[in-house]
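J.: Protein chains in written order, with our numbering: chain A, 9 to 807; chain B, -5 to 221.
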Ligand SMILES: Nc1ncnc2c1ncn2[C@@H]1O[C@H](COP(=O)(O)OP(=O)(O)O)[C@@H](O)[C@H]1O
Ligand SMILES: [Mg+2]
């Protein structure tokens, strides 16, 4: 009995291969986009973890000098006193054909168990003696090519880094006698002299629970995840439509089989098994596709993360079984969600329920009312959250409520527009055009909702990314206004540096800072010279009158947006500074990408409060064209390593390049999501076209040619898609607003001003219409070419 | 006969129609001819599967014949381009099928007026009178799916008559109606056609209904047989 029933059920798909293809394609694409994005995220997270585990620094405290570098003498003094510390020196340097991060370690003292210790411990003598050895990932070695010492393949080293002996690192970086930080090993002996006696100027930094990289790159991954989830939802619309149709079309078969004695439970089990098999099949295909998508996008994502955040992400994808399992589970959950409704209806249907195709449309009239109530409720919830919502979770709930409400409203608004069109139309054909559009809306509404969501996501995320880029580039120009930045290693060197710079530059501005706790938050305080560089360019988002004068006079401070939002400090408030007393907040400036609190105060007030602050870093205003020559001279005359100098024009160009690659990623995801929506529309139109003959045959018999009917069908598809695109615009802008003003603030502490890009909308609208045209073309063509016999059959045979 | 016959509103000349089936070609019509003058009615009878509907579809230009010709007001419709044949269906012919006549997305009032408006001959007063005579006047706000089969059929007849076609082609239009209603609707059809000078070709199973037409045509084995 089971086999007979199964073959009867499956014969449906043999007769509707296109429907089956749609179902599988929808599910496969949904799984592909979701799992592709997850693969990207997993790869990046694995890279962060690898970087953290490399020196086991994720778990160990370390000692740092506020000035930046630590004298090797301090290290030796600490070791002599019995402290178990291991030196690390890190820096960027050109090696062979590539620029890499050198990681200098000392094998004898490296934290046991850390990857670096295992690598260097194999043959410490070869590692430490000239010309030395370096460990690097295979891709890094390929990129470097020829190096002055032996490079050994070690896949566990983060990409872009080279592990060398600390002496070699000092030589290559031009930092002899200096170390970057001292890692405090676990299990220090008892009874050691206190740290602040041996090295009072060193600071103990505790390990962070989350790596800085993870925190910094969260926003990027959040975007990717949101995209993946949305694409998955859009794909599910396709699956839902196809499964729903298959259930409806087979209702007669169900009825017959139950009338012939097949128990309901068995029937439902068979259908569930059928969906399970399809889920597994499409899920597997989706995983393969997702892996390919991720493989194509990973180099750009890795470049973005490396460039934007310095995160060492490998450009090659690894296969992770957990990822595959999660992707398959998602596909199965998706098909069950999509088919659950059908199963539920089947369970409640009386055995002899009539198989009336148009009863569906009537039932959906009731459905429309329910939908309207739900949409209104969600919209009210979103509105309430805007007013009273607080926290990241509330932000995401707001996002979900907003998108769902908007999607649910789409068919209602389109139905209202069609009703108006019918009322206002003059000719009988025009009236029919609108009436027919309205009648078929329930069939198309899922696809149109998917299209709306895809377009809104495009507009929303596009607006956010573009706003971010415009703001960030502008901000970069403001913040990095100086042409040249340079840091000395010692106070004496700084003195010589200032003397060398003075005759060749327009201004040498101090970038001197100290660490302190402000309003309960760890913060960095900068001493700022009174100079046009700041007055004219600094990106203030709020200021009191005469802000710069008050700063120069030592009466006020500027704080960054993160501190302002976290401590609720705005112009008009005052803030307590250790050593400087209570000062007014004169202004708040934007400080993207920096997770910490920051305060600027006048240079005089700063030096009075922090007399021992190192005075090593400087921003230099000068003719940008002279920078390379100056850098070369400083290197020759003062022996200043180039790692301590940066040419701003070059740095900015690199930042912009990285942004372009970010755009490649979001752009690709945008197009993929839109394609899935177009496919959803295509699937609905194809399945609809099968049952539309009965609607169209009377018109044909009454003297409308098939070509005209096809043209009208095409026009209707385009009109509905066009209206949907128009509806998507405000939704997308609201989405962008929520992302910029709610999610960003809750997640990262800063708010981005929204900027609109109408040219992008026009382009997107054109894409949407093109996608709709492609989706509508085939069904319309089929209609135009349909044989009269197919149409006649409508009248001649009992259906 | 003293006057010459007026030119036939609808004429068939040696119509041949074959269908390709799984068991090879089947010849459904093998040379069918008839003439139908304006204002006259003709019943087309024959057992199920004898080709009545096929003949009607060919007469309406919905399907091409494999041989012979259909003349509407003396014009060979096979010689017309598809657009002109469609225009003929809009302006000259009126079709009533056994089922699925109505446009599901339009309400009864719009369905009734649809063809008349397509043909540019819409007269609201006439439509209202037709609706009253067909007993569907109080259904005008409903949609086809909310009507019984018989009610749908009467709307289809009303839609056809409202357009005042020169030739009415009806395929078992009363098949869905009970006998009394069927008789009343047929009366109306015959009367409206006679009044408007329209030719009526009526496919029916019922010898009783066939008897009320001016002429009868019986199809058997693809040929016209004596009734
Ligand atoms: N499209 C078609 N393809 C094959 N055979 C057909 C087709 N349409 C009708 N027929 C066959 O032609 C014959 C006449 O059909 P039809 O005109 O519908 O008969 P009637 O209306 O007299 O019952 C039947 O045997 C039918 O099976
Ligand atoms: Mg028939």
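All C-beta atoms in this analysis are idealised placements derived from N, C-alpha and C, irrespective of residue type, glycine included.
The model shown is predicted, which means the values in this text are computed figures rather than measured ones.
Under the DSSP definition of a beta bridge, which residues are partnered with residue 20/B?
T.: Looking at the DSSP assignment, residue 20/B forms a beta bridge with 13/B.
J.: Output needed for residue 332/A: all residues of its chain with C-beta closer than 6 Å, excluding positions within five of it in sequence on either side, in chain order.
T.: If we look at residue 332/A and ignore the five residues flanking it on each side, its Cβ neighbours are 295.
J.: How should residue 151/B be labelled, buried or exposed, when 16 other C-beta atoms within 10 angstroms of its C-beta is the threshold for buried?
T.: Residue 151/B should be labelled buried.
J.: Just checking: is the beta-carbon of residue 695/A within a distance shorter than 8 Å of some beta-carbon in chain B?
T.: No, because no Cβ of chain B sits closer than 8 Å to the Cβ of residue 695/A.
J.: In whole angstroms, what separates the C-alpha of residue 220/A from that of residue 451/A?
T.: Reliability fails at residue 220/A, whose pLDDT of 49 lies under 50, so the model's placement of it is uncertain and the value that follows must be treated cautiously. Looking at the two C-alpha atoms, the distance is approximately 49 Å.
J.: Quick one: Cα of residue 258/A to Cα of residue 271/A, how far?
T.: Taking the straight line joining both Cα atoms gives about 16 Å.
J.: Give a yes or no on whether the minimum CB-CB distance between residue 802/A and chain B is below 8 Å.
T.: It does; some Cβ of chain B falls within 8 Å.
J.: What are the residues in the segment 700 to 733 of chain A lying within 7 Å of chain B by C-beta distance?
T.: Taking 7 Å as the Cβ-Cβ cut-off against chain B, the residues of the segment 700 to 733 of chain A that qualify are 702, 703, 705, 706, 707, 709, 710, 711, 712 and 713.
J.: Quick one: what's residue 520/A bridged to in DSSP?
T.: Residue 520/A pairs with 535/A.
J.: Suppose you measure from the CA of residue 10/A to the CA of residue 274/A; what does that come to, to the nearest Å?
T.: Cα to Cα, the separation comes out at about 8 Å.
J.: With a threshold of 6 Å on Cβ separation, who are the neighbours of residue 39/B within its own chain once the five nearest residues in sequence on each side are excluded?
T.: Same-chain partners within the cutoff: 204 and 212.
J.: Counting only beta-carbon atoms, is residue 151/B nearer than 8 Å to chain A?
T.: No - not a single Cβ of chain A is within 8 Å of the one on residue 151/B.
J.: Would you call residue 620/A buried or exposed, if buried means 16 or more other Cβ atoms sit within 10 Å of its Cβ?
T.: Exposed is the call here.
J.: Note down the Cα distance separating residue 144/A from residue 169/A, rounded to an integer number of angstroms.
T.: Those two C-alpha atoms are separated by around 6 Å.
J.: Which term fits residue 180/A, buried or exposed, when burial requires 16 or more other beta carbons within 10 angstroms of its beta carbon?
T.: Residue 180/A should be labelled buried.
J.: With 16 as the cutoff for other CB atoms within 10 Å, does residue 130/A come out buried or exposed?
T.: Its Cβ having fewer than 16 others within 10 Å, residue 130/A is exposed.
J.: At the level of alpha carbons, what is the spacing between residue 673/A and residue 308/A?
T.: Going from the Cα of residue 673/A to the Cα of residue 308/A covers about 7 Å.
J.: So is the beta-carbon of residue 46/B under 7 Å away from any non-hydrogen atom of ligand 2?
T.: Yes, since a heavy atom of ligand 2 falls inside the 7 Å radius drawn around the Cβ of residue 46/B.
J.: Put residue 300/B into one of helix, strand or coil per three-state DSSP.
T.: Since the first residue of chain B shown is -5 and the last is 221, residue 300/B is not available in this structure.
J.: Under 8 Å Cβ-Cβ, which residues of chain A neighbour residue 77/B?
T.: In chain order: 713.
J.: Where does residue 220/A sit, in a helix, a strand or coil, going by DSSP?
T.: Only weak support is given to the placement of residue 220/A: the predicted model assigns it a pLDDT of 49, under 50, and the value that follows is read from those uncertain coordinates. Reduced to three states, the DSSP call for residue 220/A is helix.
J.: In angstroms, rounded to a whole number, what distance separates the CA positions of residue 197/B and residue 165/B?
T.: Looking at the two C-alpha atoms, the distance is approximately 5 Å.
J.: With 8 Å as the threshold, decide whether the Cβ of residue 57/B is near any Cβ in chain A.
T.: Yes, contact with chain A.
J.: Identify the continuous alpha helix (DSSP H) that holds residue 189/B and give its terminal residues.
T.: Residue 189/B -> alpha helix (DSSP H) spans 173 to 190.
J.: Bridge partners of residue 196/B, per DSSP?
T.: Paired residues: 37/B and 164/B.
J.: Going along chain A in order, which residues have a C-beta closer than 7 Å to the C-beta of residue 51/B?
T.: Chain A residues near residue 51/B: 800.
J.: Return no unless some Cβ of chain B is closer than 8 Å to the Cβ of residue 446/A.
T.: Judged by the 8 Å Cβ criterion, residue 446/A is in contact with chain B.
J.: Would you tell me roughly how many angstroms separate the C-alpha atoms of residue 741/A and residue 106/A, rounded to the nearest one?
T.: Looking at the two C-alpha atoms, the distance is approximately 42 Å.
J.: Determine the burial state of residue 599/A: buried for a count of at least 16 other Cβ atoms within 10 Å of its Cβ, exposed for fewer.
T.: Answer is buried; the Cβ neighbour count reaches 16.
J.: Does the distance from the C-beta atom of residue 780/A to that of residue 698/A stay below 8 Å?
T.: Not in contact: residue 780/A and residue 698/A (Cβ atoms no closer than 8 Å).
J.: What are the residues of the segment 202 to 215 of chain B that lie near chain C, defined by any Cβ-Cβ distance shorter than 8 Å?
T.: In the displayed structure, chain C is absent; the protein chains listed are A and B.
J.: Say whether chain A places a C-beta atom closer than 8 Å to the C-beta of residue 159/B.
T.: With 8 Å as the cut-off, residue 159/B does not count as an interface residue toward chain A.
J.: Quick one: list the residues of chain A neighbouring residue 112/B, beta-carbon separation under 9 Å, in chain order.
T.: In chain order: 435, 436, 437, 710, 711 and 712.
J.: Is any beta-carbon of chain B found at less than 8 Å from that of residue 796/A?
T.: Yes, because at least one Cβ of chain B sits closer than 8 Å to the Cβ of residue 796/A.
J.: State the start and end residues of the unbroken beta strand (DSSP E) segment that holds residue 606/A.
T.: Per DSSP, residue 606/A belongs to the beta strand (DSSP E) from 605 to 610.
J.: Measure the C-alpha to C-alpha separation of residue 173/A and residue 150/A and round it to an integer number of angstroms.
T.: Whole-angstrom Cα-Cα distance: 21 Å.
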